[in-house]
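Participant: Per my numbering, the sequence shown starts with residue 12, numbered consecutively. Note that the Cβ used here is the ideal one computed from N, Cα and C, for glycine as well. Below you will find the structure I want to go over with you.
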Amino acid sequence: MKIISINAGSSSLKFKLFEMKDESVLASGLFERIGIEGSNYTIKYDGNKVSEQAEMPTHAEAVSILLNRLIDLDIIKSLDEIEGIGHRVVTGGEKYKQSVLIDNKVIKDVEDCIELAPLHNPANIIGINAFRKALPNVKMAAVFDTAFHQTMDPVSYLYPVPYAWYEDHKVRKYGAHGTSHMYIAEAIAKELKKDNLKVISCHLGNGGSISAIKDGKCVDTSMGFTPIAGIMMGTRSGDVDPSIIPYIMVKETKNASEVLEDLNKRSGFLGLSGISSDSRDIEKGISEGNERCILAQEKYVRTIVNYIAQYYVLLGGCDALVFTAGIGENSAETRKRVVEKLACLGFKMDLKANDVRGELRKLSTDDSKSLIYLIPTDEELMIARETVTLVKQNA
Ligand code: AMP
């Protein structure tokens, strides 16, 4: 069964085409600058790469080029081979606790959630509509980034604010990166051949979040009402005192959105280091003795360790601590620094094993109290797996 995973942004469309018999990737690619001058795309398949400029005033043209190229490049013989399309949808609010097949009602519900993800959900809907037009008979699934976190109980998801904010305005913790954390929960269970596990999943990318997972279900997660909350990130602050916002509004004559933009786009590694949002640049700065880079990395590690410690207590221990995403998979230094700070909980890293990038590996020593793993995440594959399940259930 061939399935396409789609991640549509406001001016981009990322795809992966899978053969689900063996979960192999037949093709992957990115359409960029849709609706902007200079639109272009790249498709990778079978060791080859095609990169071209093309007119793409809307997502519809990107979808049409994608489908035509899949045939011209002989990646598939006919569009009939595509049996399902899975779409990443950033938020399903409280309505969706799992992935669903897309119909008009689902699209309306995703529209109703736009105020919870004003940049992302409209783009996701544009992607869905473009594929609905191009392939009206193919079943499509919505895979929500928030769904995995819907198992949190009210003590985890409610903020201690006026209850009416929740009842009237949907203010609560929704979390994000759910598809990645779900992938990690399944992957570690498969690796350890055990379902009833206490797992702390650290998705450390440009955005970052940590989840406490018990028996495969999310108990708590670090991102909140929006993805700005939780640990420090590339450009996002993570948790800060909300009084800072009106204070800076007065001091810098800004409105609330502008200060929020500072917290989203000019904070984190970028804000503290003053150099870059990329942890590779921060590591380079540290090697050159840059004090602000040293500070940024220490703060980053501190916020991660704080959440891990919190979730260790919440779960009543930890069977496996898992690192994933860009930094979690590639930065041995960050993993080492985090685990060093967890020594009092009995975590011990095998430094030789930790000298690795992007492959599933046990990183803990045999006498570590908890297992430590690197597991590369694969959100696109998770979306494709969810799509297969729904397509089969509704065949
Ligand atoms: P993601 O958002 O998961 O794609 O992660 C992107 C981030 O991963 C980048 O911003 C980098 O900070 C980080 N990253 C990628 N490769 C490395 C590396 N070799 N060492 C340190 N950080 C890395």
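Output the boundary residues of the alpha helix (DSSP H) element that contains G241.
Facilitator: Run containing G241: none; DSSP gives neither H nor E here.
Participant: With DSSP as the reference, please indicate the residues paired to C124 in a beta bridge.
Facilitator: Answer is none; C124 lacks a bridge partner.
Participant: Can you tell me whether A65 is helix, strand or coil according to DSSP?
Facilitator: Looking at A65 - three-state DSSP - the assignment turns out to be coil, as it is neither helix nor strand.
Participant: Examine the Cβ distances between the region 176-185 and the region 99-116 and report whether three or more of them are shorter than 8 Å.
Facilitator: Enough Cβ pairs lie closer than 8 Å, so yes.
Participant: Going by alpha carbons, who is nearest to S23 out of G40, S35 and R44?
Facilitator: Closest by alpha carbon: R44.
Participant: Looking at the structure shown, is T108 part of a helix, part of a strand, or coil, going by DSSP?
Facilitator: The sequence shown places Lys at residue 108, rather than the Thr named in the question. K108 falls in the coil class under three-state DSSP.
Participant: Considering only the beta carbon of each residue, do S288 and G245 sit closer than 7 Å?
Facilitator: Yes, the pair counts as a contact, with Cβ atoms nearer than the cut-off.
Participant: With a 10 Å radius around its C-beta and 16 neighbouring C-beta atoms as the bar for buried, classify P253 as buried or exposed.
Facilitator: Its Cβ having fewer than 16 others within 10 Å, P253 is exposed.
Participant: What is the DSSP secondary structure of T400, counted as helix, strand or coil?
Facilitator: DSSP places T400 in helix when its eight states are reduced to three.
Participant: State the Cα-Cα distance for the pair Q161 and D83, rounded to the nearest angstrom.
Facilitator: Straight-line Cα distance between these residues: approximately 42 Å.
Participant: For L215 and F334, I'd like the C-alpha separation in whole angstroms.
Facilitator: Straight-line Cα distance between these residues: approximately 7 Å.
Participant: Whole angstroms are fine: how far does the CA of C304 sit from the CA of G279?
Facilitator: Roughly 11 Å between the two C-alpha positions.
Participant: How far does the alpha helix (DSSP H) with E178 in it extend, from its first residue to its last?
Facilitator: Y174 to H180 is the extent of the alpha helix (DSSP H) around E178.
Participant: Relative to the C-alpha of K32, which candidate in M12, G40 and S21 has its C-alpha closest?
Facilitator: Of the candidates M12, G40 and S21, the one whose C-alpha sits nearest the C-alpha of K32 is M12.
Participant: For the candidate residues C213, N207 and K352, whose alpha-carbon lies nearest to that of S233?
Facilitator: With distances taken between Cα atoms, S233 lies closest to C213.
Participant: Which residues in the same chain have their Cβ closer than 7 Å to the Cβ of G285, if we skip the five residues on either side of it in sequence?
Facilitator: Hits under 7 Å: R303.
Participant: If I measure Cβ to Cβ from S167 and keep anything under 7 Å in the same chain, skipping five residues before and after, which residues do I get?
Facilitator: Cβ within range, chain order: K184, V230 and D231.
Participant: From this set, I315, L37, G227 and V172, which residue's C-alpha is nearest S4's C-alpha?
Facilitator: Summary: the structure shown does not reach residue 4, with the chain confined to residues 12 through 406, and so no result is reported for it.
Participant: Consider the C-beta atom of A153 and the heavy atoms of the ligand AMP; say whether any pair is separated by less than 6 Å.
Facilitator: No - the ligand AMP has no heavy atom lying nearer than 6 Å to the Cβ of A153.
Participant: If you draw a straight line from the C-alpha of E92 to the C-alpha of N207, how long is it?
Facilitator: Cα-Cα distance, rounded: 38 Å.
Participant: Where in the region 363-400 do unbroken runs of the beta strand (DSSP E), each at least 3 residues long, occur, reported from the N-terminal end onward?
Facilitator: Runs found: 382-385.
Participant: How would you label D156, buried or exposed, when you count the other beta carbons within 10 angstroms and need 16 or more for buried?
Facilitator: Buried, by the Cβ-count rule.
Participant: Do S110 and A141 have their beta-carbon atoms positioned less than 7 Å apart in this structure?
Facilitator: Result no, Cβ atoms of A141 and S110 do not sit closer than 7 Å.
Participant: To the nearest whole angstrom, what separates the beta carbons of G97 and A336, a pair I think is in contact under 8 Å?
Facilitator: Wrong, their Cβ atoms sit about 20 Å apart, outside the cutoff.
Participant: Considering Cα atoms alone, identify which of L362, C329, V324 and A354 is closest to S342.
Facilitator: With distances taken between Cα atoms, S342 lies closest to L362.
Participant: From the DSSP secondary-structure annotation, give me the bridge partner or partners of N59.
Facilitator: Partner(s): Y56.
Participant: How many angstroms separate the CA atom of R346 from the CA atom of P147?
Facilitator: Cα to Cα, R346 sits roughly 46 Å from P147.
Participant: Once the 5 residues before and after P387 are set aside, which same chain residues still bring their CB inside 6 Å of it?
Facilitator: Hits under 6 Å: E340 and G369.
Participant: Could you tell me which whole alpha helix (DSSP H) segments of length 4 or greater appear in the region 277-345?
Facilitator: Fully enclosed alpha helix (DSSP H) runs of 4 or longer: 279-284, 290-298, 302-326 and 336-341.
Participant: Have a look at F26 and Y323 and give me their C-alpha separation to the nearest angstrom.
Facilitator: Roughly 36 Å separates the two Cα atoms.
Participant: Reducing DSSP to helix, strand and coil, say where S16 ends up.
Facilitator: Strand at S16.
Participant: Would you tell me roughly how many angstroms separate the C-alpha atoms of P257 and L127, rounded to the nearest one?
Facilitator: One C-alpha to the other measures close to 21 Å.
Participant: Using the Cβ count rule (16 or more neighbours within 10 Å means buried), how would you classify T398?
Facilitator: With 16 or more Cβ atoms within 10 Å of its Cβ, T398 is classed as buried.
Participant: Does H192 come out as helix, strand or coil in the three-state DSSP assignment?
Facilitator: H192 falls in the helix class under three-state DSSP.
Participant: Give a single yes or no on whether I338 has its beta carbon closer than 6 Å to a heavy atom of the ligand AMP.
Facilitator: The answer is yes for I338.
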